[in-house]
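Chemist: After the structure tokens below, expect a handful of questions from me.
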Amino acid sequence: MTKSEILKRMQQVAREQLGDSELVLTEELSLSNDLDVDSIGLMTFVIGLEDEFGISIPDDKIDSFKRIQDVVEFIQQQ
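The sequence shown: position 59 = 1217 (the working numbering), numbered continuously.
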């Protein structure tokens, strides 16, 4: 799966989770600053990603995610 495919699917999850149908994700976006996601919001987003991609994301990995790119790279490695 390519980065752009992952990003597109992640964008759909983020739009649903954040209730923003116009949201555009780029790899450079910061999860906490640009998306204004708190720890609960991040967990909800991660659960949505796990469902979307059929993967499990360990808690220690979640803590290391700072930018969208970090998440895309993790998913790509799965």
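Note that the Cβ used here is the ideal one computed from N, Cα and C, for glycine as well.
Predicted model, so just to flag it, every value in this text is computed and none were measured.
Run through the segment 1182 to 1233 for me and flag every whole alpha helix (DSSP H) of 4 or more residues, listed as ranges in chain order.
Modeler: Entirely contained in the segment 1182 to 1233, the alpha helix (DSSP H) runs reaching 4 residues are, in chain order, 1197 to 1211 and 1217 to 1222.
Chemist: Helix, strand or coil for residue 1163 per DSSP?
Modeler: Counting from one through the sequence shown, the residue named residue 1163 turns up at place 5. Three-state result, residue 1163: helix.
Chemist: Please report how far the alpha carbon of residue 1210 lies from the alpha carbon of residue 1195, in whole angstroms.
Modeler: Indexing the sequence shown from 1 puts residue 1210 at position 52. Indexing the sequence shown from 1 puts residue 1195 at position 37. Answer to the nearest angstrom: the Cα atoms are 19 Å apart.
Chemist: What separation, rounded to the nearest whole angstrom, lies between the Cα atoms of residue 1228 and residue 1235?
Modeler: One-based indexing of the sequence shown puts residue 1228 at position 70. One-based indexing of the sequence shown puts residue 1235 at position 77. If you take the alpha carbons of residue 1228 and residue 1235, they lie about 11 Å apart.
Chemist: Can you name, in chain order, every residue of its own chain whose Cβ lies under 6 Å from the Cβ of residue 1220, other than the five neighbours on each side?
Modeler: By 1-based counting over the sequence shown, the position of residue 1220 is 62. Correct list, in chain order: 1204.
Chemist: For residue 1236, does the three-state DSSP call read helix, strand or coil?
Modeler: On the sequence shown, residue 1236 is found 78 positions in, with the first residue counted as 1. In this structure, residue 1236 counts as coil in the three-state DSSP scheme.
Chemist: Tell me the DSSP secondary structure of residue 1174 in three-state form.
Modeler: The count along the sequence shown starts at 1 and reaches residue 1174 at position 16. Reduced to three states, the DSSP call for residue 1174 is helix.
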